[in-house]
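As given, the protein sequences belong to chains A and V, one line each in that order. The numbering of the first sequence is our numbering, which starts it at 435 and goes up by one. The numbering of the second sequence is our numbering, which starts it at 12 and goes up by one. Reading through the structure tokens given below for one structure.
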Amino acid sequence: MINIADLTKHYGDHTAVDGLSFTAAEGKVTGFLGPNGAGKSTTLRILLGLQKADRGTATLDGRPYREIPRPLHTVGSMIDAESLPTQQTSAHFLGWLARSNRIDPGRGPQVLEQVGLAGAARKKIGAFSLGMRQRLGLAVALLGDPRIVVLDEPVNGLDPEGIIWIRNLLRGLADEGRTVLLSSHLLDELSQIADELVVIGHGRLITQTVPELLLSDVLGHHVLARTSDNAALAARLADRGVGSSPDGAYLKVDTPDCDTVGDTAFSHGLVVLELFERTGSLEEAFLALTGGEDAERDT
Amino acid sequence: MTLLDNTRAESAKSLGSKAFLWCLAAGLLVPWLFSAVLFGLSEFPQDLETSQWGYRFGMPFVGVAGVLMMTSELQSGSVAYSVLADPSRWRLIVSKAAVAAASAVPVGLAAGTVSWAIAVLLQGGDGPDLSLAGAEQYRIVLAATVLYPIAALIGIAVGTFLERSAPAMVLLLLWPILIENLIAGLPVIGEAVEVVLPFMAADQFVFDDDPEALSPGWALLYFAVFAGVLLAAAVFRFRHRDL
Numbered sequence: 435m436i437n438i439a440d441l442t443k444h445y446g447d448h449t450a451v452d453g454l455s456f457t458a459a460e461g462k463v464t465g466f467l468g469p470n471g472a473g474k475s476t477t478l479r480i481l482l483g484l485q486k487a488d489r490g491t492a493t494l495d496g497r498p499y500r501e502i503p504r505p506l507h508t509v510g511s512m513i514d515a516e517s518l519p520t521q522q523t524s525a526h527f528l529g530w531l532a533r534s535n536r537i538d539p540g541r542g543p544q545v546l547e548q549v550g551l552a553g554a555a556r557k558k559i560g561a562f563s564l565g566m567r568q569r570l571g572l573a574v575a576l577l578g579d580p581r582i583v584v585l586d587e588p589v590n591g592l593d594p595e596g597i598i599w600i601r602n603l604l605r606g607l608a609d610e611g612r613t614v615l616l617s618s619h620l621l622d623e624l625s626q627i628a629d630e631l632v633v634i635g636h637g638r639l640i641t642q643t644v645p646e647l648l649l650s651d652v653l654g655h656h657v658l659a660r661t662s663d664n665a666a667l668a669a670r671l672a673d674r675g676v677g678s679s680p681d682g683a684y685l686k687v688d689t690p691d692c693d694t695v696g697d698t699a700f701s702h703g704l705v706v707l708e709l710f711e712r713t714g715s716l717e718e719a720f721l722a723l724t725g726g727e728d729a730e731r732d733t
Numbered sequence: 012m013t014l015l016d017n018t019r020a021e022s023a024k025s026l027g028s029k030a031f032l033w034c035l036a037a038g039l040l041v042p043w044l045f046s047a048v049l050f051g052l053s054e055f056p057q058d059l060e061t062s063q064w065g066y067r068f069g070m071p072f073v074g075v076a077g078v079l080m081m082t083s084e085l086q087s088g089s090v091a092y093s094v095l096a097d098p099s100r101w102r103l104i105v106s107k108a109a110v111a112a113a114s115a116v117p118v119g120l121a122a123g124t125v126s127w128a129i130a131v132l133l134q135g136g137d138g139p140d141l142s143l144a145g146a147e148q149y150r151i152v153l154a155a156t157v158l159y160p161i162a163a164l165i166g167i168a169v170g171t172f173l174e175r176s177a178p179a180m181v182l183l184l185l186w187p188i189l190i191e192n193l194i195a196g197l198p199v200i201g202e203a204v205e206v207v208l209p210f211m212a213a214d215q216f217v218f219d220d221d222p223e224a225l226s227p228g229w230a231l232l233y234f235a236v237f238a239g240v241l242l243a244a245a246v247f248r249f250r251h252r253d254l
């Protein structure tokens, strides 16, 4: 269980994280979503004890990271792939990490095998592609067989095959009862992996919800209709208390229910040319959420 | 988590770094080379002190080895992984310092004793007595064994403050060899501040050639305390640094 409470972090005049609170539960994959610069990495770095918060707390199973003895056994984390030690080989890197936390030295080769890097164990990390570095970052996270996994942008740089692989891997970890928190600015990927979404913008929580509800909560459900006379349909729908508005060649009806619209058109002799439900894409929902935040800030 | 686990991890890290090992090698080879050149090519017989003259040019490389232990991680950001493995910042610096100092002891020992052996071999029976007759002679030949680890600690501290390899290396190579001599050579104030220059104090410990300066024992203590204070300041700085 990860608990972030009233977390605040300033860099000079800039507020990177602003009173942020959310939780990530055991047995679930929690997606931590926000545009670049929203404060995701700062939040995760505070959670992992790399940075100090100005206010608030960030705990893992009730304790701040600094208070967890041999933390790699409890929390596995992946921070940005650019900061891996490029002069070391991956085997050497995992070797000293294991040694520092008294992890069985056999785990290094095991996790490299698990992330598909067994063949590159003796290769310098500097020669790795971004995708390979991301895999190595995951190997680091898995090294101590931790109960809690925290991943910063793990999908970046992975090919489609890699994305499917990481999705299955994280699903498996959550199904084993572990807490999985991963950040991303890629909503589509995250919505396919995560059970729950925490959306932030400008360091503040916008919403914590499940991916399915993110759509209907933010965009609502509409029915779009194209008929022989949209204006007449609008008038008939208004008689039944259903609102609508013109949307190009379509009439956008404020109801999630196609049947009402089709029934009304039929009973008034209107020819229905097209009739469908629309919930909008996750990207639209995301933009609506974070764009609203921008507008609020700008005024 | 214990200091020992961390120290083991740090030693694995350092001994796997070619740059670190090359710096230690330079800390050995430079004094040997000086001894060989001074005793092999000089027209006049040289004294025991001259056999240790090269330590001044070898010791900065040991300092650079310490610098690299910090800057290689701070510059790339990979220090974050060390802090993830052990969130105690002071323990990280102290274990690095322990590894740097422990590696520097045998290097200093070999630098001093082999430089002396080269001198004895090349000088033959002529000239001043090079034998290790008493405590003073032992102090001169074994000085690097004590001074090298202290220099390594200074390197760790300087690396923590400057964070980037190039400026930290330049400072550590130029300070003892050039800058302290320039400061000491300044008119009026030079003589006054000379006594507080740490590497001058290290020199005084080895050669005891300035009757107005501290005695060798106090000079060594001063050099060690200087390194200790610098390291403590580095720990303080690192504890408050966001990564």
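The beta-carbon is built from N, C-alpha and C at its ideal position, and this holds for glycine as well.
Item to check | Straight-line gap, V/His251 to V/Ser99 (C-alpha atoms, nearest Å) | outcome: If I take the Cα positions, the gap works out to 12 Å.
Checklist entry - Which residues of chain V have a Cβ atom closer than 7 Å to the Cβ of A/Gln522, listed in chain order? => result In chain order: Gly27.
Item to check | Alpha-carbon spacing of A/Glu587 relative to A/Ile597, whole angstroms | outcome: If you draw a straight line from the Cα of A/Glu587 to the Cα of A/Ile597, it is about 12 Å long.
Item to check | Reference A/Ala719, options A/Thr641, A/Asn664, A/Thr661, closest by Cα | outcome: Of the listed residues, the one whose Cα sits closest to A/Ala719 is A/Thr641.
Next on the checklist: Can you find the residues in the same chain that come closer than 6 Å, C-beta to C-beta, to A/Gly529, ignoring five residues on each side of it along the sequence?
Outcome noted: Sequence-distant Cβ neighbours of A/Gly529 in its own chain, meaning closer than 6 Å and more than five residues away, are Gly542.
Checklist entry - Does V/Leu44 come within less than 7 Å of chain A when only Cβ atoms are used? => result Against chain A, the CB of V/Leu44 has no partner CB under 7 Å away; the residue lies outside that interface.
Checklist entry - At a CB-CB cut-off below 8 Å, which residues of chain A make contact with V/Tyr233? => result Below the 8 Å Cβ cutoff, chain A contributes no neighbours of V/Tyr233, its closest Cβ being approximately 35 Å away.
Checklist entry - Given a threshold of 16 other Cβ atoms within 10 Å of its Cβ, counted over all protein chains shown, does A/Gln625 qualify as buried or as exposed? => result Before going on, a small fix: residue 625 of chain A reads as Ser here, not Gln. The residue is buried, with at least 16 neighbouring Cβ atoms inside 10 Å.
Checklist entry - Considering only C-alpha positions, which residue in the set V/Gly136, V/Ala179, V/Val41 is nearest to V/Phe55? => result Closest by alpha carbon: V/Gly136.
Checklist entry - So, using beta-carbon positions, are V/Lys107 and V/Glu21 closer together than 7 Å? => result With contacts defined as CB atoms closer than 7 Å, V/Lys107 and V/Glu21 qualify as a contacting pair.
Next on the checklist: Closer than 8 Å between beta carbons: that is the criterion. Which residues of the stretch 465-487 of chain A meet it against chain V?
Outcome noted: Correct list: Arg479, Leu482, Gly483, Leu484, Gln485, Lys486.
Item to check | 4 or more residues per run - each alpha helix (DSSP H) lying fully within the stretch 30-112 of chain V | outcome: Runs of alpha helix (DSSP H) with 4 or more residues, each lying fully within the stretch 30-112 of chain V, are found at 59-62, 66-87, 90-96, listed in chain order.
Item to check | Member of A/Gly703, A/Arg479, A/Glu501, A/Ala555 whose CA lies at the smallest distance from the CA of A/Asp514 | outcome: Nearest C-alpha to A/Asp514: A/Arg479.
Item to check | Nearest neighbour of A/Met566, chosen from A/Gly553, A/Gly578, A/Leu577 [CA to CA] | outcome: Of the listed residues, the one whose Cα sits closest to A/Met566 is A/Gly553.
Checklist entry - Going along chain V, which residues have a C-beta under 8 Å from A/Ile438? => result In chain order: nothing, as chain V lies at least about 17 Å away.
Item to check | Extent of the continuous alpha helix (DSSP H) to which A/Tyr499 belongs | outcome: Run containing A/Tyr499: none; DSSP gives neither H nor E here.
Checklist entry - By Cβ distance below 6 Å, which residues in the same chain neighbour V/Ala243 in space, the five residues on each side in sequence not counted? => result Cβ within range, chain order: n/a, list empty.
Checklist entry - In angstroms, rounded to a whole number, what distance separates the CA positions of V/Ala203 and V/Leu189? => result The alpha-carbon atoms of V/Ala203 and V/Leu189 are separated by roughly 18 Å.
Checklist entry - Hey, is the stretch 109-129 of chain V in contact with the stretch 37-53 of chain V, meaning 3+ C-beta pairs nearer than 8 Å? => result Touching, per the Cβ criterion.
Item to check | Spatial distance of A/Thr449 from A/Gln568 (CA atoms) | outcome: Straight-line Cα distance between these residues: approximately 29 Å.
Next on the checklist: To test your reading of the DSSP string, which unbroken beta strand (DSSP E) runs of 3 or more residues are found completely within the stretch 615-679 of chain A?
Outcome noted: For the stretch 615-679 of chain A, whole beta strand (DSSP E) runs of length 3 or above, ordered along the chain, are 630-635, 638-643, 656-661.
Next on the checklist: Using only CA atoms, which one of V/Gly119, V/Ser93, V/Ser226, V/Val78 lies nearest to V/Val181?
Outcome noted: V/Val181 has its Cα closest to that of V/Val78, out of V/Gly119, V/Ser93, V/Ser226, V/Val78.
Item to check | Classification of A/Phe700 by the beta-carbon crowding that lies within 10 angstroms, buried from 16 upward | outcome: Around the beta-carbon of A/Phe700, fewer than 16 other beta-carbon atoms lie within 10 Å, marking it exposed.
Item to check | Residue(s) in a DSSP beta bridge with A/Thr523 | outcome: DSSP, once it has assigned bridges, lists A/Lys558 as partnering A/Thr523.
Item to check | 7 Å Cβ cutoff met for A/Ser678 and A/Leu671 | outcome: Going by C-beta atoms, A/Ser678 is nearer than 7 Å to A/Leu671.
Checklist entry - Under three-state DSSP, which class holds A/Met435? => result Taken through DSSP and simplified to helix, strand or coil, A/Met435 comes out as coil.
Checklist entry - Rounded to whole angstroms, how far is the Cβ of A/Thr643 from the Cβ of A/Leu631, which I believe are closer than 8 Å? => result The Cβ separation is near 6 Å, so the contact holds.
Checklist entry - Taking 7 Å as the CB-CB limit, is V/Leu95 close to chain A? => result Look at V/Leu95: its C-beta is under 7 Å from a C-beta on chain A.
Checklist entry - Are the CB atoms of A/Ala659 and A/Val695 nearer to each other than 7 Å? => result For the pair A/Ala659 and A/Val695, the CB atoms are nearer than the 7 Å cut-off.
Checklist entry - Name the chain V residues whose beta carbon is nearer than 7 Å to that of A/Arg500? => result When 7 Å is used as the limit between beta carbons, A/Arg500 is near these residues of chain V: Pro98, in chain order.
Checklist entry - Applying the criterion that 16 or more other CB atoms from any shown protein chain within 10 Å of the CB defines a buried residue, is A/Asn470 buried or exposed? => result By the neighbour-count rule (16 or more Cβ atoms within 10 Å), A/Asn470 is not buried but exposed.
Checklist entry - According to DSSP, which residues form a beta bridge with A/Ile582? => result Listed as beta-bridge partners of A/Ile582 by DSSP are A/Val509, A/Thr613.
Checklist entry - Could one say the Cβ of V/Arg19 lies closer than 7 Å to chain A's Cβ atoms, at least one of them? => result Under the Cβ distance rule, V/Arg19 counts among the residues neighbouring chain A, one pair being separated by less than 7 Å.
Checklist entry - What does a CB cutoff of less than 8 Å around A/Leu484 pick up in its chain, not counting 5 residues either side in sequence? => result Excluding positions up to five away in sequence, the list reads Ile513.
Item to check | Residue of V/Leu158, V/Asp220, V/Lys24, V/Thr61 minimising C-alpha distance to V/Asp140 | outcome: Closest by C-alpha distance to V/Asp140, out of V/Leu158, V/Asp220, V/Lys24, V/Thr61, is V/Thr61.
Next on the checklist: Suppose you measure from the CA of V/Pro198 to the CA of V/Leu14; what does that come to, to the nearest Å?
Outcome noted: Spanning the two alpha carbons is a distance of roughly 48 Å.
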